[in-house]
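Visitor:
In our numbering, the protein residues as written are 96 to 945.
1) For residue 175, I'd like the list of residues in its chain whose CB is within less than 6 angstroms of its CB, leaving aside the five on either flank, ordered along the chain.
2) For residue 827, which residues in the same chain have their Cβ closer than 6 angstroms to its Cβ, ignoring the five residues on either side in sequence?
3) Just how far apart, CA to CA, sit residue 289 and residue 685?
4) Does DSSP classify residue 273 as helix, strand or coil?
5) By a C-beta neighbour count over all protein chains shown, 10 Å radius and 16 as the cutoff for buried, is residue 357 buried or exposed?
6) If contacts are defined as beta-carbon pairs under 8 angstroms, then residue 816 and residue 852 qualify, I think. What distance do you get, rounded to the angstrom?
7) Can you list, in chain order, the stretches of the alpha helix (DSSP H) that have 4 or more residues and sit fully within the segment 745 to 822?
8) Consult DSSP for residue 659 and reduce its assignment to one of helix, strand or coil.
9) Does residue 603 come out as helix, strand or coil in the three-state DSSP assignment?
10) Do you know offhand how far residue 640's Cα is from residue 921's?
11) Buried or exposed: where does residue 190 fall if 16 or more other Cβ atoms within 10 Å of its Cβ makes it buried?
12) Between residue 152 and residue 187, which are expected to be in contact by the criterion C-beta below 8 angstroms, what is the C-beta distance as a whole number of angstroms?
13) How far does the alpha helix (DSSP H) with residue 180 in it extend, from its first residue to its last?
14) Using DSSP with H/G/I as helix, E/B as strand and the rest coil, what is residue 946?
15) Taking DSSP's pairing of strands, which residues face residue 671 in a bridge?
16) Have a look at residue 495 and residue 172 and give me their C-alpha separation to the nearest angstrom.
17) Of all the beta strand (DSSP E) runs that stay within the bounds of the segment 539 to 577, which reach a length of 3 or more residues?
18) Judging by CA-CA distance, which residue of 616, 163 and 185 is the nearest neighbour of residue 177?
19) Just the Cα atoms here: how many angstroms apart are residue 539 and residue 395?
20) Cα separation between residue 228 and residue 244?
21) Based on DSSP bridge pairs, tell me the residues matched to residue 826.
22) I think residue 814 touches residue 796, with their Cβ atoms under 8 angstroms apart; what is that distance to the nearest whole Å?
23) The ligand SAH and residue 903: does the residue's C-beta get closer than 8 angstroms to at least one heavy atom of that ligand?
24) I'd like to know whether the C-beta atoms of residue 57 and residue 248 end up nearer to each other than 9 angstroms.
25) Quick check: what's the CA-CA separation for residue 925 versus residue 748?
26) Taking the alpha carbon of residue 318 as the point to measure from, which residue in 557, 722, 412 and 352 has its own alpha carbon closest?
27) Report back the beta-carbon spacing between residue 451 and residue 682 to the nearest angstrom; my notes put them in contact at under 8 angstroms.
28) Going by DSSP in three states, residue 866 sits in which element: helix, strand or coil?
29) Is residue 65 helix, strand or coil when you go by DSSP?
30) Between which residues of its own chain and residue 591 is the CB-CB distance below 8 angstroms, once the five residues before and five after are set aside?
31) Which value, in whole angstroms, describes the spacing of the CA atoms of residue 868 and residue 583?
32) Taking only the alpha-carbon atoms, compute the straight-line gap between residue 720 and residue 478 and give it to the nearest angstrom.
33) Just to confirm before moving on: does the CB-CB distance between residue 800 and residue 724 stay below 9 angstroms?
34) Between 818, 222 and 884, which has its C-alpha nearest residue 856's C-alpha?
35) What span of residues does the alpha helix (DSSP H) with residue 363 cover, start to end?
36) Between residue 445 and the rest of its own chain, which residues show a CB-CB distance below 7 angstroms, the 5 nearest in sequence each way excluded?
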């Protein structure tokens with residue numbers, strides 16, 4: 096046997112599937128009537144389970160949503176037996192990383208499941224809730240939940256077995272249901288034990304699950320294959336590579352026969368490759384994993400990408416081969432780069448892809464149809480979320496009527512979105528392909544980069560990470576020697592002075608900033624020589640950090656506050672951020688520059704007076720209606736923003752009617768404008784995040800509230816992300832000169848920090864955005880922004896990233912403003928030229944010869 100590497104975090108996350116049998120509730124068990132309702136209900140549950148196992152979470156979600164509707168139509172919306180499809184629906188939403196929405200549905204299912212007629216429904220709820228916790232990497236809580244669920248199941252099985260022994264009608268079938276449910280629960284419990292570093296406990300529990308599956312009549316054979324795959328991972332964790340390989344080969348063949356070349360089989364290929372990687376059989380690992388990666392790539396239109404831990408063994412093996420086979424280094428590095436883009440992408444990358452596809456059609460009537468389809472899909476998704484919120488609250492007179500109205504509106508929205516999608520497929524067949532955020536080859540990326548530009552793509556794993564630098568026709572792939580937890584710790588340390596702002600500015604740890612730079616950039620320093628614009632496509636906690644405040648040289652010899660002399664990265668090169676590699680390719684290759692005729696539109700200095708401010712907003716529960724004007728009026732005034740906006744408007748040659756300040760800076764005024772006529776949109780106001788507002792699931796921008804009472808959400812003064820996404824823009828740049836507009840709102844690292852407002856503005860039609868990562872000093876921001884636009888007006892070809900860099904340097908050179916609290920908060924997100932020329936033709940035009 097080949098040598099054995101120290102086992103790194105071989106995947107258990109993402110391995111667990113839903114193996115449960117269909118619900119045994121009254122609708123599923125009922126005799127079929129003329130409308131065939133029970134049969135349809137069972138069919139929907141089976142469809143949902145199958146699509147879950149194939150990784151097609153969107154299709155599974157729709158099946159369980161339809162099953163829930165069937166149950167509620169049959170028994171009423173508060174019937175306890177509707178807890179089962181509701182719980183399954185919640186898990187599918189969680190599988191798509193819409194965690195806040197999933198939490199709403201889980202909460203609604205919790206109390207119902209306790210009263211369900213089937214004693215298995217509450218244990219099943221606990222198990223699915225545990226899997227939702229695992230999606231959020233809260234493995235200890237998940238283990239406790241599923242352990243409790245299995246203890247409850249064992250009690251149910253004992254009671255049912257006694258009834259079956261007496262020959263009671265239906266008891267034998269109920270016993271099989273209970274044993275199948277327990278097998279699934281034990282399988283989940285074993286996965287959680289493995290994640291908690293208890294492989295022996297995991298092994299015992301997984302074997303119990305396997306024995307139960309073999310005892311239950313009618314269980315598909317591939318169930319045992321799924322459990323065998325988990326056992327193989329446990330074997331691998333314990334160093335039994337040969338046993339793991341044997342199990343996986345058998346499991347892979349069983350799943351291929353039963354499920355075809357689907358995602359479930361793809362994951363088996365990747366797990367087998369991980370086994371070979373641990374045994375230092377790197378060529379075998381690559382050969383085993385390539386078919387799996389091909390399946391994942393092929394199915395990106397139907398299923399999301401894979402967890403990063405699935406890809407780390409492939410990247411590790413390919414990198415080892417580049418060290419051994421120098422003549423294949425370039426090809427292997429390019430293959431690694433494509434594979435690294437198969438990591439599950441966030442909503443911002445998808446929004447960019449859809450926006451780019453809309454602009455790429457080249458036909459106004461088709462672009463309008465694309466926009467209609469996107470707006471219909473957004474309305475459908477928003478109504479789905481509103482329905483979940485309303486179902487949770489159920490408070491106050493008229494709540495049942497509101498629920499009925501929402502259900503009707505949601506059904507109509509689903510139908511409308513489906514019809515428009517079909518029309519779009521006929522009018523613009525390329526849309527579906529373009530709107531999928533699929534991988535971009537390094538060669539194509541190099542063609543889009545200017546001669547003094549480079550793109551750095553960073554993939555963070557739990558224990559090890561990889562970086563990819565693309566410059567021209569060259570690509571370099573390298574391990575970074577740092578894992579997710581260390582990155583999170585480093586980012587948290589660097590952000591601390593800005594998040595704990597008080598009467599005085601906290602010291603910034605320059606040595607830590609240099610240490611993180613070394614961890615991320617040291618493999619690429621030679622290739623970065625001469626780069627003037629660096630585009631970074633980061634992940635995880637790195638999305639929460641402006642790269643410009645990393646320090647490129649040791650800080651020895653500097654005093655603790657000698658910030659002006661530090662070798663900040665922004666002194667060497669402009670830095671902009673992309674939500675994904677594909678987003679960069681879309682914005683550079685498909686989206687043409689804005690053709691809007693007017694240079695600038697600005698809103699700022701909202702008419703607020705201070706008072707209880709954020710504390711009052713945080714205590715208010717908004718559930719879909721208009722926010723009371725007096726709450727927004729309590730925000731702190733921002734008088735300096737008026738000077739900021741006037742200066743920028745003057746520099747860009749805007750007319751006086753392009754500026755809306757004070758009482759004129761209202762949401763109603765914004766909605767009355769043709770926003771697609773402006774190349775630059777500038778919002779100098781407060782940004783409000785979900786974590787700051789109770790019951791608020793999306794971020795927003797605060798405008799001047801109405802003077803009197805108002806019940807219209809479209810003019811209440813809080814422009815939500817969903818409202819922003821529905822705007823029609825043709826903007827080269829949107830500036831969010833506000834508090835914390837780049838954040839994700841969760842208050843935690845590891846999520847997609849560049850979400851919320853950024854995603855919404857991309858969807859609306861922005862090419863790039865300037866956002867802040869923490870609460871910013873209003874006076875310093877005015878100086879920074881004025882300097883930025885002075886430079887952008889003097890050198891438009893240099894791009895916003897270079898203009899931002901020069902404005903930052905001007906503040907750094909002044910010891911009074913050299914601390915990064917004054918200049919470091921802002922990041923450019925998007926396709927600023929930054930030193931490279933944008934392509935004259937879109938990719939579609941190049942392909943068509945036009």
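Idealized CB from N, CA, C, for every residue including glycine.
Guide: Per the coordinate set shown:
1) Cβ neighbours of residue 175 beyond the five flanking positions: 207, 210 and 211.
2) The answer, listed in chain order, is 689, 774 and 862.
3) If you take the alpha carbons of residue 289 and residue 685, they lie about 45 angstroms apart.
4) Collapsing the DSSP output to three states places residue 273 in a helix.
5) It counts as buried.
6) Contact flag correct, Cβ pair sits at about 6 angstroms.
7) Within the segment 745 to 822, the complete alpha helix (DSSP H) runs of at least 4 residues are 762 to 766 and 816 to 820.
8) Secondary structure of residue 659 (DSSP, three-state): helix.
9) For residue 603, the secondary structure class from DSSP, reduced to helix, strand or coil, is coil.
10) Straight-line measurement puts the Cα of residue 921 at about 10 angstroms from the Cα of residue 640.
11) Under this definition residue 190 is a buried residue.
12) Contact check for residue 152 and residue 187: beta-carbon distance about 5 angstroms, within the 8 angstroms limit, so the pair qualifies.
13) Annotation for residue 180: the continuous alpha helix (DSSP H) segment containing it runs 178 to 190.
14) Nothing in the structure corresponds to residue 946, since the chain is present only between 96 and 945.
15) Under DSSP, residue 671 takes part in a beta bridge, and its partners are 630 and 923.
16) Residue 495 and residue 172: Cα-Cα distance of roughly 9 angstroms.
17) Within the segment 539 to 577, the complete beta strand (DSSP E) segments at least 3 residues long are 548 to 555, 560 to 566 and 569 to 574, listed from N- to C-terminus.
18) Residue 163 is the option with its Cα nearest to residue 177.
19) Distance from the CA atom of residue 539 to the CA atom of residue 395, rounded to whole angstroms, is 19 angstroms.
20) Each residue's Cα considered, the two are about 14 angstroms apart.
21) 861, per the DSSP bridge assignment.
22) Going by Cβ atoms, the distance from residue 814 to residue 796 rounds to 5 angstroms, so yes, they are a contact pair.
23) Questions concerning the ligand SAH fall outside what the structure shown contains, since it holds no ligand whatsoever.
24) Here the chain has residues from 96 to 945 only, and residue 57 is not among them.
25) Going from the Cα of residue 925 to the Cα of residue 748 covers about 24 angstroms.
26) Nearest of 557, 722, 412 and 352 to residue 318, Cα basis: 352.
27) About 6 angstroms; that satisfies the 8 angstroms criterion.
28) Note: residue 866 maps to strand in three-state DSSP.
29) Beyond the ends of the chain as shown, which are 96 and 945, falls residue 65; an answer cannot be given.
30) Result list for residue 591: 601, in chain order.
31) Each residue's alpha carbon lies about 15 angstroms from the other.
32) Approximately 13 angstroms, taken between the alpha carbons.
33) Yes; because the gap between Cβ atoms is below 9 angstroms, this pair is in contact.
34) Measuring from the Cα of residue 856, the nearest candidate turns out to be 818.
35) Note, residue 363: alpha helix (DSSP H), 358 to 373.
36) For residue 445, where only same-chain residues beyond five positions count, the Cβ hits under 7 angstroms are 532.
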